[in-house]
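J.: If you scroll down you'll find the structure; I have some questions about it.
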Amino acid sequence: MECGCDDMRGSGRESMGKAITKDSVFDSMRRVEAALKLRYMGIGFVWAWLYCTYATSAVFPYRSGQSINSDESWLLSAVAVVLGFFVGGLLLSRRPLGARCLRRFSIAAALLLAAGTIVSALGAFALGLAWLGGAMTGVGYALLSLLWARALMVLDVEELEAVVPLSSLVIVPCVVVYPLLEGVVGVVATASLPLMSGVLLLLCLREGAKRCGVEEAASGVGGMSPYFKEAEASGAASASSGAGASLSRRFGIAESWGFYLGRVAVVLVVLYLAIGWQAALADVRDSMHALIDLDVSMLISSLASVALGIAIVFFSRRVSFTELFRWAVPCVIITLVLHGSSGLWAGFVSNAIGDTLDSLIQVLVYLFAITLAKQGKAPVALGVGLLNGSVQLGVLFGNLAGSACAGPAAASSEVAFLSALICLVALVGIVAPQREPIEVRPMAEAGSDALEHSLMVGCELLQKKFGLSDRETEIAFLLARGYSRPYIREKLFISKNTVATHIRHIYGKLGIHSKEELIDLATEAARK
Numbered sequence: 001m002e003c004g005c006d007d008m009r010g011s012g013r014e015s016m017g018k019a020i021t022k023d024s025v026f027d028s029m030r031r032v033e034a035a036l037k038l039r040y041m042g043i044g045f046v047w048a049w050l051y052c053t054y055a056t057s058a059v060f061p062y063r064s065g066q067s068i069n070s071d072e073s074w075l076l077s078a079v080a081v082v083l084g085f086f087v088g089g090l091l092l093s094r095r096p097l098g099a100r101c102l103r104r105f106s107i108a109a110a111l112l113l114a115a116g117t118i119v120s121a122l123g124a125f126a127l128g129l130a131w132l133g134g135a136m137t138g139v140g141y142a143l144l145s146l147l148w149a150r151a152l153m154v155l156d157v158e159e160l161e162a163v164v165p166l167s168s169l170v171i172v173p174c175v176v177v178y179p180l181l182e183g184v185v186g187v188v189a190t191a192s193l194p195l196m197s198g199v200l201l202l203l204c205l206r207e208g209a210k211r212c213g214v215e216e217a218a219s220g221v222g223g224m225s226p227y228f229k230e231a232e233a234s235g236a237a238s239a240s241s242g243a244g245a246s247l248s249r250r251f252g253i254a255e256s257w258g259f260y261l262g263r264v265a266v267v268l269v270v271l272y273l274a275i276g277w278q279a280a281l282a283d284v285r286d287s288m289h290a291l292i293d294l295d296v297s298m299l300i301s302s303l304a305s306v307a308l309g310i311a312i313v314f315f316s317r318r319v320s321f322t323e324l325f326r327w328a329v330p331c332v333i334i335t336l337v338l339h340g341s342s343g344l345w346a347g348f349v350s351n352a353i354g355d356t357l358d359s360l361i362q363v364l365v366y367l368f369a370i371t372l373a374k375q376g377k378a379p380v381a382l383g384v385g386l387l388n389g390s391v392q393l394g395v396l397f398g399n400l401a402g403s404a405c406a407g408p409a410a411a412s413s414e415v416a417f418l419s420a421l422i423c424l425v426a427l428v429g430i431v432a433p434q435r436e437p438i439e440v441r442p443m444a445e446a447g448s449d450a451l452e453h454s455l456m457v458g459c460e461l462l463q464k465k466f467g468l469s470d471r472e473t474e475i476a477f478l479l480a481r482g483y484s485r486p487y488i489r490e491k492l493f494i495s496k497n498t499v500a501t502h503i504r505h506i507y508g509k510l511g512i513h514s515k516e517e518l519i520d521l522a523t524e525a526a527r528k
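Under UniProt numbering, the first residue of the sequence shown is numbered 1, with each subsequent residue one higher.
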């Protein structure tokens with residue numbers, strides 16, 4: 001009896017040990033996921049779907065030539081995705097959705113994209129199904145992308161700068177696996193990508209609702225996250241005055257930013273006109289792909305876009321169009337020159353650079369648009385819709401132009417169009433916006449209490465006396481008000497290194513070593 005009890009206690013301890021080990025493993029996995037925000041990388045499944053559908057034979061095994069325009073559904077899909085981004089961005093920005101509507105739209109978008117993939121594959125047997133599938137995938141892709149932008153808004157700056165570039169890593173295993181899948185298996189596997197993205201989107205929306213709820217409880221204000229309160233306040237302020245008031249009232253764009261975003265959109269259309277044109281004329285399998293039966297250029301571009309995306313964000317002084325995209329124009333020109341060159345490696349290198357550009361610009365467009373939304377310059381749906389719609393519009397025009405230049409008889413027109421494209425890309429690099437619109441500094445919009453006003457006046461006097469720049473004066477005011485460095489970085493959307501550099505320059509010019517000395521100087525200057 002005692003022996004039996006001992007055995008039971010021993011087996012109980014053993015099972016408890018196994019349970020503890022199992023729980024600890026899951027707990028470790030949860031901690032890793034929470035630290036890396038893996039669920040927020042679900043936008044990568046949307047980008048992976050685009051690659052698997054149009055760059056492998058998983059869905060369209062009968063294709064010949066360049067993948068993106070060799071089946072009957074591509075034109076309607078391209079038009080639908082452009083309209084989906086433009087129209088969807090406008091509608092979602094003018095009619096903000098509640099939590100329940102967001103979840104319903106997320107489920108609908110994921111199911112629409114998955115079902116459209118299956119219908120497109122069945123289009124091999126009926127032309128009507130091909131067109132229907134193209135329309136479904138175009139609208140589903142645009143809607144799912146817009147909803148992901150809304151979900152990513154709850155992340156802070158540091159999380160956003162890591163999560164968005166790392167999302168491209170989802171494409172890496174797809175490059176290795178999906179080219180091997182054909183028939184029903186390939187179609188089902190491709191259709192599963194938007195479903196996985198939809199599941200992760202629902203998890204992110206639920207977590208975002210909880211995070212907003214905590215922030216609202218802490219601040220004592222209900223209704224929306226502080227990010228959205230700030231954006232709404234900025235939009236309302238800009239809508240009440242100035243020449244941009246009408247545009248701001250209609251679409252929520254901050255004053256003077258409508259024209260700026262329009263110029264950015266034109267730049268993206270031209271860049272993707274060149275990228276889409278080259279893609280339409282390139283072979284599905286370049287020299288390296290044919291040699292080792294692996295899409296090496298896409299594999300390299302997926303990894304390179306992650307590394308370059310993080311590097312560009314890290315070394316940029318602030319998240320702006322000029323800082324993020326100034327490298328794009330020369331790289332596109334190099335790609336076009338390589339496209340016109342002959343040789344075994346020219347096509348491979350051109351494809352590798354073009355794929356890297358494509359992946360990287362997708363990442364940076366998301367990061368730029370969400371950053372503008374966090375700053376209150378434009379609603380996130382409108383920004384992502386406008387910029388991604390411009391990208392897809394450029395791809396559409398480029399594909400059409402490339403199709404017109406295809407074939408031996410069109411060799412002369414290809415050369416002429418290539419030369420014109422190089423000139424056009426160089427020209428748009430010259431006229432691209434080099435700086436953001438000038439706005440009233442946040443310190444000038446400060447509250448009216450006596451201490452705050454005194455610090456504001458003091459910092460402006462210190463600026464005149466010691467030669468502080470506008471940005472240094474702005475940071476000095478925020479420091480004097482007692483804000484921390486992480487808050488300043490979040491408020492102004494500049495890098496951690498840039499904040500540290502500005503503070504070092506401020507202290508050096510003023511001859512001080514601490515925030516307390518800065519407060520004393522500003523207060524003393526205001527009294528004189």
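Every residue gets a Cβ at the ideal spot worked out from N, C-alpha and C, and that includes glycine.
Computed from a prediction, not measured in an experiment: that's the story for all the values here.
1. Closest by CA to residue 181, which one among 61, 85, 209, 91?
2. Which runs of the alpha helix (DSSP H) spanning at least 4 residues fall entirely within the segment 122 to 208, listed in chain order?
3. Determine the direct distance from the alpha carbon of residue 110 to that of residue 374, and round the result to whole angstroms.
4. Measure the alpha-carbon distance for residue 328 versus residue 527 and round it to whole angstroms.
5. Note the first and the last residue of the continuous alpha helix (DSSP H) segment covering residue 88.
6. Would you report the Cα separation of residue 501 and residue 512, rounded to the nearest angstrom?
7. Could you check whether the segment 140 to 156 touches the segment 366 to 385, counting it as contact only if at least three pairs of C-beta atoms, one from each stretch, sit closer than 8 Å?
8. Of all the alpha helix (DSSP H) runs that stay within the bounds of the UniProt domain "HTH luxR-type" (461 to 526), which reach a length of 4 or more residues?
9. Taking only the alpha-carbon atoms, compute the straight-line gap between residue 37 and residue 310 and give it to the nearest angstrom.
10. Does DSSP put residue 323 in a helix, in a strand, or in coil?
11. Here's the rule I'm using: 16 or more other beta-carbon atoms within 10 Å means buried, otherwise exposed. How should residue 497 be labelled?
12. Cutting at 7 Å between CB atoms, please list the residues of its own chain near residue 103, excluding the five before and the five after it.
13. Below 8 Å on the Cβ atoms is my contact criterion, and I expect residue 190 with residue 59 to pass it. Report the Cβ-Cβ distance as a whole number of Å.
14. Can you name the start and end residues of the alpha helix (DSSP H) that residue 330 belongs to?
15. Rounded C-beta distance between residue 532 and residue 476? I'm assuming under 8 Å.
16. Does the Cβ of residue 337 have 16 or more other Cβ atoms within 10 Å, making it buried, or fewer, making it exposed?
17. Determine contact between the segment 415 to 431 and the segment 122 to 131, defined as no fewer than three beta-carbon pairs at a distance below 8 Å.
18. Find the nearest neighbour of residue 269 within the set 390, 144, 348, judged by alpha-carbon distance.
19. CB residue 85 to CB residue 197, shorter than 8 Å?
20. Report the rounded CA-to-CA distance for residue 562 versus residue 353, giving the unit in angstroms.
21. May I have the straight-line CA-CA distance separating residue 51 from residue 457, to the nearest angstrom?
22. Using a Cβ-Cβ cutoff of less than 6 Å, which residues in the same chain neighbour residue 514 once the five nearest sequence positions on both sides are dropped?
23. I want to know whether the segment 168 to 181 touches the segment 74 to 89 - three or more CB-CB distances under 8 Å.
24. Taking all protein chains shown into account, do 16 or more other C-beta atoms lie within 10 angstroms of the C-beta of residue 524, making it buried, or fewer, making it exposed?
25. Given a cut-off of 8 Å on the beta-carbon distance, is the pair residue 509 and residue 479 in contact?
26. Ignore the nearest five residues each way along the sequence and tell me which others in residue 192's own chain have a CB closer than 8 Å to its CB.
27. Beta-carbon separation of residue 506 and residue 499 under 8 Å?
T.: Reading off the structure:
1. Ranking 61, 85, 209, 91 by Cα distance to residue 181 puts 61 first.
2. Segments of the alpha helix (DSSP H) lying fully in the segment 122 to 208: 127 to 152, 157 to 166, 171 to 177.
3. The alpha-carbon atoms of residue 374 and residue 110 are separated by roughly 26 Å.
4. Straight-line Cα distance between these residues: approximately 50 Å.
5. DSSP places residue 88 in the uninterrupted alpha helix (DSSP H) bounded by 74 to 94.
6. Roughly 15 Å between the two C-alpha positions.
7. Short answer: they touch.
8. Those alpha helix (DSSP H) runs which fall completely within the UniProt domain "HTH luxR-type" (461 to 526) and span 4+ residues are 470 to 480, 485 to 492, 496 to 510.
9. Using only the alpha carbons, I get a separation of about 16 Å.
10. Collapsing the DSSP output to three states places residue 323 in a helix.
11. When all chains shown are included, residue 497 counts as exposed.
12. Excluding residues up to 5 positions away in sequence, 202, 205 lie with their Cβ nearer than 7 Å to the Cβ of residue 103 in the same chain.
13. With a Cβ gap of about 5 Å, residue 190 and residue 59 count as contacting.
14. Under the DSSP assignment, residue 330 falls in the alpha helix (DSSP H) whose first and last residues are 328 to 339.
15. The shown model of the chain, from 1 to 528, leaves out residue 532, and the question about it has no answer.
16. Residue environment for residue 337: exposed (fewer than 16 other C-beta atoms within 10 angstroms of its C-beta).
17. These segments do not touch.
18. If we check each option's Cα against that of residue 269, 390 comes out closest.
19. No, they are not a contact pair.
20. Limits of the chain in this structure are 1 at one end and 528 at the other, which puts residue 562 out of reach.
21. Using only the alpha carbons, I get a separation of about 55 Å.
22. Taken in chain order, the list of residues that qualify is empty.
23. Inter-segment contact for the segment 168 to 181 and the segment 74 to 89 is absent: fewer than three beta-carbon pairs are separated by less than 8 Å.
24. Its Cβ having fewer than 16 others within 10 Å, residue 524 is exposed.
25. Against a cut-off of 8 Å, the Cβ pair of residue 479 and residue 509 comes out as no contact.
26. 114.
27. No, the pair does not count as a contact, with Cβ atoms beyond the cut-off.
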